[in-house]
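Here the sequence shown stands for residues 1 to 205, numbered as in full-length UniProt numbering.
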Amino acid sequence: MIYKLNGMYYDANSYLIAGKKNILIDPGTPGNFEFLKNQIEEIVKDIDLIINTHCHYDHVGSDYLFEDYFDVPIVIHDSEVEHLKKGDDVTVSWLFNANLNPPREIIPIGEVKDELNKIGIEIIHTPGHTKGSISLVFEDKMITGDTLFAYGVGRWDLPTGSLIELRTSIEKLERIANQKELTQIYPGHGEVGDLGSFDRAKMFI
Ligand SMILES: [Zn+2]
Ligand SMILES: [Zn+2]
């Protein structure tokens, strides 16, 4: 089961996959911590893992708070481990007038991919918004971070972004969504989309 948890203000959407393992995806900014923690604790008692779809501040800013509170490691694409560790300009904390507090334990997704597969979570590398952006498939749903929104796509002009890669990634996601007959797109911001999101996305890229 996936729960969509709402962020406040400009915060990213967070998602909770509750099942054999409870996995929190994109906890958002520190100001969101209490609000989000309360929503999580109404559903599950504990979290096993936090996955970031990419290293942007509005998605990873409160990693360190949830890491402490639930005593869990953070997972991110291998190519963004260093950015998150250093809180460098690729995290775009400057866009939010904030300083990123990095989490202590960061695991590259390559190390846990097989384990995640076993509990029904597929990880897809979808560069374009950032070099290490990932999307996830669980049940008949796709979690797309800032790669694909219900009514558009993420920016490709920020550090490590690429329009060409974004286009390829959207096409890749569309192929997978059709193959697996997925029904819902759970994006990093805004409302839930459907397969029509791919056609709308193509108008922007
Ligand atoms: Zn975002
Ligand atoms: Zn982003």
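Glycine included, C-beta positions come from ideal geometry on N, C-alpha and C. All of these numbers come straight from a predicted model, not from anything done at the bench.
Quick one: residues in its chain with C-beta nearer than 8 Å to the C-beta of Glu-80, no 5 flanking neighbours on either side, listed in chain order?
If you number the sequence shown from 1, residue 80 lands on position 80. Closer than 8 Å at the Cβ level, and outside the excluded window around Glu-80, lie Asn-52, His-54, Cys-55, Val-90, Thr-130, Lys-131, Gly-132.
Classify Ser-14 as helix, strand or coil using the three-state DSSP reduction.
Locating residue 14 in the sequence shown gives position 14, where the first residue counts as 1. In this structure, Ser-14 counts as strand in the three-state DSSP scheme.
Assign Asn-178 to buried or exposed, taking buried as 16 or more other Cβ atoms, counted over all protein chains shown, within 10 Å of its Cβ.
The residue you call residue 178 lines up with position 178 of the sequence shown. Under this definition Asn-178 is an exposed residue.
Which runs of the beta strand (DSSP E) spanning at least 3 residues fall entirely within the stretch 109-143, listed in chain order?
121-125, 134-138
Within this structure, are the beta carbons of Glu-165 and Pro-108 separated by less than 8 Å?
Here residue 165 corresponds to residue number 165 of the sequence shown, with the count starting at 1. Here residue 108 corresponds to residue number 108 of the sequence shown, with the count starting at 1. No, the Cβ-Cβ distance between Glu-165 and Pro-108 is not below 8 Å.
Closer than 7 Å to a non-hydrogen atom of ligand 1 - does that hold for the CB of His-56?
Taking the first residue of the sequence shown as 1, we reach residue 56 at position 56. Checking the Cβ of His-56 against ligand 1 gives yes.
List the whole-angstrom C-beta distance separating Asn-13 from Pro-187, where the pair is believed to meet the contact cut-off of C-beta under 8 Å.
Sequence index remark: in the sequence shown, residue 13 carries index 13 (1-based). Sequence index remark: in the sequence shown, residue 187 carries index 187 (1-based). That pair is a contact at about 7 Å.
Asp-78: CB within 7 Å of a non-hydrogen atom of ligand 2
In the sequence shown, residue 78 corresponds to position 78, counting from 1. For ligand 2, not one heavy atom lies less than 7 Å from the Cβ of Asp-78.
Would you kindly check if the distance between the Cβ of Ile-76 and the Cβ of Leu-84 is under 8 Å?
Indexing the sequence shown from 1 puts residue 84 at position 84. Indexing the sequence shown from 1 puts residue 76 at position 76. Contact: yes.
Determine the DSSP secondary structure at Val-153, reduced to helix, strand or coil.
By 1-based counting over the sequence shown, the position of residue 153 is 153. Val-153 falls in the strand class under three-state DSSP.
Is the beta carbon of Leu-100 less than 8 Å from the beta carbon of Gly-145?
Within the sequence shown, the letter at position 100 stands for residue 100. Within the sequence shown, the letter at position 145 stands for residue 145. No, Cβ-Cβ distance for Leu-100 and Gly-145 is not below 8 Å.
Express the C-alpha separation of Glu-67 and Pro-73 in angstroms, rounding to a whole number.
The residue given as residue 73 occupies position 73 in the sequence shown. The residue given as residue 67 occupies position 67 in the sequence shown. Answer to the nearest angstrom: the Cα atoms are 6 Å apart.
In or out: Gly-196 buried (at least 16 other Cβ within 10 Å) or exposed?
Start at 1 with the first residue of the sequence shown, and residue 196 comes out as number 196. Gly-196 should be labelled exposed.
Do you know whose CA, among Phe-138, Gly-110, Ile-43, Lys-118, lies nearest His-125's CA?
Along the sequence shown, one-based indexing puts residue 125 at 125. Ranking the options by Cα distance to His-125, first place goes to Gly-110.
Extent of the continuous alpha helix (DSSP H) to which Tyr-57 belongs:
Numbered from its first residue, the sequence shown carries residue 57 at position 57. Element bounds for Tyr-57: 57-60.
Please return the same chain residues whose Cβ sits closer than 8 Å to the Cβ of Gln-184, not counting the five positions on each side in sequence.
The residue you call residue 184 lines up with position 184 of the sequence shown. Taken in chain order, the residues that qualify are Asp-140, Lys-141, Met-142, Val-192, Gly-193, Asp-194.
Inside the stretch 159-194 only - alpha helix (DSSP H) runs reaching at least 4 residues
163-179
Here's the rule I'm using: 16 or more other beta-carbon atoms within 10 Å means buried, otherwise exposed. How should Gly-190 be labelled?
By 1-based counting over the sequence shown, the position of residue 190 is 190. Under this definition Gly-190 is an exposed residue.
Using a 10 Å radius around the Cβ and a threshold of 16 neighbouring Cβ atoms, would you call Gly-120 buried or exposed?
Your numbering for residue 120 matches position 120 in the sequence shown. Answer is exposed; the Cβ neighbour count stays below 16.
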